[in-house]
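Chains as they are written, first to last, in the numbering used here: chain D, 6 to 436; chain R, 6 to 436.
To start, the structure under review is shown below, and the notes come after it.
There are 2 protein chains.
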Amino acid sequence: MDIKAEAAKMKLAAPELAAASIEKRNKALDLIAKALEENKEEVFAANKIDLENADKNNIAAAIKKRLKYDEVKMRDSIAGLKQLEGLVDPVGKVLLSRELDEGLVLQRISVPIGVIGVIFEARPDAMVQVASLCIKSGNCAILKGGKETANTNKVLFEIIKKSAIEAGLPEGCLLQAEQHNEIDELLACDQDVDLLIPRGSNNFVRYIMEHTKIPVMGHSSGICHIYVDEKADQELAVPVVVDAKIQYPAACNAVETVLVNRAIAEEFLPKLAKGLDEAGVKLCGTKEAADIVVAKTGLNVEIMQEDAFAKEYNDLIISLKVVSDVKEAVKHINYFGSHHTDCIITEDNASAAYFTQMVDSAGVYQNVSTRFADGFRYGFGAEVGISTGKLHARGPVGLDGLVTYKYTLKGNGQIVGDYATGKKQFHHKDI
Amino acid sequence: MDIKAEAAKMKLAAPELAAASIEKRNKALDLIAKALEENKEEVFAANKIDLENADKNNIAAAIKKRLKYDEVKMRDSIAGLKQLEGLVDPVGKVLLSRELDEGLVLQRISVPIGVIGVIFEARPDAMVQVASLCIKSGNCAILKGGKETANTNKVLFEIIKKSAIEAGLPEGCLLQAEQHNEIDELLACDQDVDLLIPRGSNNFVRYIMEHTKIPVMGHSSGICHIYVDEKADQELAVPVVVDAKIQYPAACNAVETVLVNRAIAEEFLPKLAKGLDEAGVKLCGTKEAADIVVAKTGLNVEIMQEDAFAKEYNDLIISLKVVSDVKEAVKHINYFGSHHTDCIITEDNASAAYFTQMVDSAGVYQNVSTRFADGFRYGFGAEVGISTGKLHARGPVGLDGLVTYKYTLKGNGQIVGDYATGKKQFHHKDI
Chain D
6 MDIKAEAAKM
16 KLAAPELAAA
26 SIEKRNKALD
36 LIAKALEENK
46 EEVFAANKID
56 LENADKNNIA
66 AAIKKRLKYD
76 EVKMRDSIAG
86 LKQLEGLVDP
96 VGKVLLSREL
106 DEGLVLQRIS
116 VPIGVIGVIF
126 EARPDAMVQV
136 ASLCIKSGNC
146 AILKGGKETA
156 NTNKVLFEII
166 KKSAIEAGLP
176 EGCLLQAEQH
186 NEIDELLACD
196 QDVDLLIPRG
206 SNNFVRYIME
216 HTKIPVMGHS
226 SGICHIYVDE
236 KADQELAVPV
246 VVDAKIQYPA
256 ACNAVETVLV
266 NRAIAEEFLP
276 KLAKGLDEAG
286 VKLCGTKEAA
296 DIVVAKTGLN
306 VEIMQEDAFA
316 KEYNDLIISL
326 KVVSDVKEAV
336 KHINYFGSHH
346 TDCIITEDNA
356 SAAYFTQMVD
366 SAGVYQNVST
376 RFADGFRYGF
386 GAEVGISTGK
396 LHARGPVGLD
406 GLVTYKYTLK
416 GNGQIVGDYA
426 TGKKQFHHKD
436 I
Chain R
6 MDIKAEAAKM
16 KLAAPELAAA
26 SIEKRNKALD
36 LIAKALEENK
46 EEVFAANKID
56 LENADKNNIA
66 AAIKKRLKYD
76 EVKMRDSIAG
86 LKQLEGLVDP
96 VGKVLLSREL
106 DEGLVLQRIS
116 VPIGVIGVIF
126 EARPDAMVQV
136 ASLCIKSGNC
146 AILKGGKETA
156 NTNKVLFEII
166 KKSAIEAGLP
176 EGCLLQAEQH
186 NEIDELLACD
196 QDVDLLIPRG
206 SNNFVRYIME
216 HTKIPVMGHS
226 SGICHIYVDE
236 KADQELAVPV
246 VVDAKIQYPA
256 ACNAVETVLV
266 NRAIAEEFLP
276 KLAKGLDEAG
286 VKLCGTKEAA
296 DIVVAKTGLN
306 VEIMQEDAFA
316 KEYNDLIISL
326 KVVSDVKEAV
336 KHINYFGSHH
346 TDCIITEDNA
356 SAAYFTQMVD
366 SAGVYQNVST
376 RFADGFRYGF
386 GAEVGISTGK
396 LHARGPVGLD
406 GLVTYKYTLK
416 GNGQIVGDYA
426 TGKKQFHHKD
436 I
């Protein structure tokens, strides 16, 4: 497929999808849910081929688990579609309404971004989720899923596209890229693709970010920290750190590093080390932290060098470091962190305020697990991803991150010359 | 200067400026205004050197006019500083406040972006304007002005930086790049610079956009259109088009192309051509448009090829084309335009609604001059620039475009495990 030519066609078709009523867009979601149910045997048969191929290629068990698309996962997909249907339309909101002068009215109105390219991991449920988010927000989408689910994705995409067209959405609103080399073609479409959302491994996301001029929304790594302050409630701190590490260690919002205030290190680090060890977490740390833990608990701590703090484990491993105060903690986090989500454990309002103000991350927490950084938990409904960029959208991104705005100005012949010469004056009344 | 090292230092210092109170930031603006007044002879002496150098280098008169920084322009700078001081603080706004569960409170709070690089044209007033916008919004700034004003900029920058530090802002909040080769060094600082704002010629802005991984806010070209519909008020249309072309032809929001509905072309084009000709505008057009104008008025129209419609004149030249309906007009605009500002002249609500919905531009107007696309005219106070990108900020960008947000989450030991197992439920109450 000639991705460049298809993207150019899509760009010109995008305003048509943007103009589609919310009834049509919701109808599409409804038809997709029904069609999934009606064609489930075909979907499962395609998924069986993907799973057999995974066996042939000796794919790891953890990845195979994600490839599998069964009755339970389809239930989740259908429930997700129903939930999305119920969410408020993000398009057409009047964000500003201002009379610049008599009869001269400015409005700022939310509109879809246009053409979005999404490159996502080998999970069939991601295909349904991503396509439905783009439909709901009125965006044309070029979708490229992981090659390990090629057969399942092909069937799912056909179901989705057919349902969208049946609901009255324009023919050219969705496109599936199936070949790996088409990713590089997509990256070159900066004239026609307005936004890229890559999901997957750190290296993959970094590759995307470094090889395109299209704006990219997402995160390459999630190096999250918890700083345990001198005035921490230590009984609260241990379960929070353990949850942040073990509740889903491969998630980007799992904690990688715990910084402990020196004043409580001798008392707290052994308690924390025991809690983590019981949960099956391997301990790493600076020599100072390791010495304390080893002396008091006999547990094994691998001594690490300073630059290893920039590493995301994605696993049941954690880094420990002793710091002298909240200032040193903030400095460490802003230098080694990925500006994702970082937490302070303290009962002291001044330390908490300083930490919240100074840590330059999308999420800054006090006394709770970093695992809360998630669109569903924030109450945004569906989530497109988490952005560690600072422009447009930051943190968990819901439907609102898939829209932009345009300004409309209506008048009856007003010219700028009259205002430049002073013949007329603006009065700028919000209405 | 080692721009990369300086940018890295600035990145770590940025949270300190972000934490500076609005009183300190306003105080800095106040001190700059006073220091300009007190040191004006030094500023004017430096400007005299720039003007003498311009003479030696045979700089064009139009450009020399922009280099000149005199009593009148300093008055404007000082008035701008006073106005900016009066604007509401864009930092620290609570944009969302939600109780996720009892005792677990999420807030979205506006914060400065961090480190902004601004590369701007050779105008001393731009140095004052850009620096003061960054100070007001709590952003660290690396400033590079046009080389033709190097002497004036050096003095102005020293005044600004000294005043900022005197007001209590951190030492490292402002940096001036003076050498042209430092632009390329700045473009490579994607680890530490959060946003680049280039201002200047189309080619220059395009160069910046193509040679950096840092997000860029701005516009390379402004190809604005006016479509005169079958149901247009023709008496209104002529002065609107003339104003949009001549009120400031070098501005990005000046109109470049007028599309005229075929049903009124024979009647309207001659009237328009006369109006434009009287205003000193050179006419270009398709053969169809030219034939009509020549036959009815005898005025000269240079016949142009289709691909010439992608050109921005920045001058008293205009392109004319006959189209069959609003659909063809929209198609032309979305294909040849720069997604800046486009206008329909019509009394017909259906055509206006279609045009407003379908034109994919930052500004879509009805019955008014495209020259209204400007932050001051929109009532935003100071303007950083106009963005034709779709992410973060679109159209005229005021102080709000220089901030992002962070999420804060405060609790008392909540862990995600309890919600995952169903022991606790979110209730998501906006508070």
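For glycine and all other residues, C-beta sits at the position ideal for the given N, C-alpha and C.
Every value quoted in this text rests on a predicted model; they were computed, and no experiment measured them.
Check, Outcome
"Verify whether the separation of the beta carbon atoms of N144/R and L241/D is less than 8 Å.", "no"
"Starting from the beta carbon of M363/R, find every residue of chain D whose beta carbon is closer than 7 Å, and list them in chain order.", "P20, A24"
"So within the stretch 261-317 of chain D, which uninterrupted beta strand (DSSP E) runs reach at least 3 residues, ignoring any that extend past its ends?", "287-290, 306-308"
"Identify the residues that DSSP records as bridge partners of S115/R: which are they?", "Y410/R"
"Please confirm if T413/D has its CB atom under 8 Å from at least one CB of chain R.", "yes"
"Just the C-alpha distance for E190/R and A155/R, rounded to the nearest angstrom, thanks.", "18 Å"
"Quick one: does D199/R have its CB under 8 Å from some CB of chain D?", "yes"
"Can you tell which of A172/R, L174/R, D238/R, L179/R has the C-alpha that lies nearest to the C-alpha of L161/R?", "L179/R"
"Does I420/D come within less than 8 Å of chain R when only Cβ atoms are used?", "yes"
"Any Cβ of chain R within less than 8 Å of the Cβ of E215/D?", "yes"
"Using only alpha-carbon positions, find the residue among T217/D, R71/D, C229/D that is nearest to G342/D.", "C229/D"
"Could you pull out every residue in the same chain whose Cβ sits closer than 6 Å to the Cβ of T375/D, ignoring the five residues on either side in sequence?", "C229, A249, N258, V260, T346, C348"
"Using 8 Å for Cβ pairs, my map puts K415/R next to D423/R. What's the rounded Cβ distance?", "About 17 Å separates the two Cβ atoms, so there is no contact after all."
"Using CA atoms only, rank isn't needed, just tell me which of L105/D, L17/D, K61/D is closest to D435/D.", "L105/D"
"If I follow the unbroken beta strand (DSSP E) through S102/D, where does it start and stop?", "99-106"
"Taking Y370/R as the query, report the chain D residues whose CB atoms sit under 9 Å from its CB, ordered along the chain.", "Y412, T413, L414, K415, G416"
"Please determine, among L264/D, Q181/D, E171/D, L138/D, the residue with the shortest C-alpha to C-alpha distance to N158/D.", "Q181/D"
"With DSSP collapsed to three states, give me the class of T154/D.", "helix"
"Note down the Cα distance separating I121/D from I391/R, rounded to an integer number of angstroms.", "23 Å"
"Where does H397/R land, buried or exposed, given buried means 16+ other C-beta within 10 angstroms?", "buried"
"Once you ignore the five residues that flank K78/R on each side, which residues in its own chain have a CB closer than 8 Å to its CB?", "P129, D130"
"Quick check: is the beta carbon of L109/R nearer than 8 Å to any beta carbon in chain D?", "yes"
"Please identify, using Cβ separations under 9 Å, the residues of the stretch 211-244 of chain R that lie next to chain D, in order along the chain.", "M214, E215, K218, P220, M222, D238, E240, L241, A242, P244"
"Would you give the residue range spanned by the beta strand (DSSP E) that A398/D belongs to?", "Note, A398/D: premise wrong, no beta strand (DSSP E); not H, not E."
"Output the distance between the C-alpha atoms of A313/D and T217/D, rounded to the nearest integer angstrom.", "29 Å"
"Quick one, which of T409/R, A33/R, N58/R, A127/R has its alpha-carbon nearest H185/R's?", "A127/R"
"What did DSSP end up calling H230/R once you bin it into helix, strand or coil?", "strand"
"Report the start-end ranges of each alpha helix (DSSP H) in the stretch 148-201 of chain R that is 4 residues or longer and not cut off at the edges.", "155-171, 186-192"
"Which residues mark the beginning and the end of the beta strand (DSSP E) in which D347/R is found?", "346-350"
"How far does the alpha helix (DSSP H) with S82/D in it reach, from first residue to last?", "76-91"
"Relative to the C-alpha of T438/D, which residue among H432/R, T413/R, S366/R, A294/R is closest?", "Lying before the first or after the last residue shown, residue 438/D is absent from chain D, which here runs from 6 to 436."
"Find out if the Cβ-Cβ distance for the pair L89/R, S137/R is shorter than 8 Å.", "yes"
"Just to confirm the assignment, what range does the alpha helix (DSSP H) spanning V210/D have?", "207-215"
"Taking all protein chains shown into account, do 16 or more other C-beta atoms lie within 10 angstroms of the C-beta of T426/D, making it buried, or fewer, making it exposed?", "exposed"
"Nearest-angstrom Cα distance between Q239/D and L192/R?", "46 Å"
"Between Q310/R and G290/R, what straight-line distance do the alpha-carbon atoms span, to the nearest angstrom?", "8 Å"
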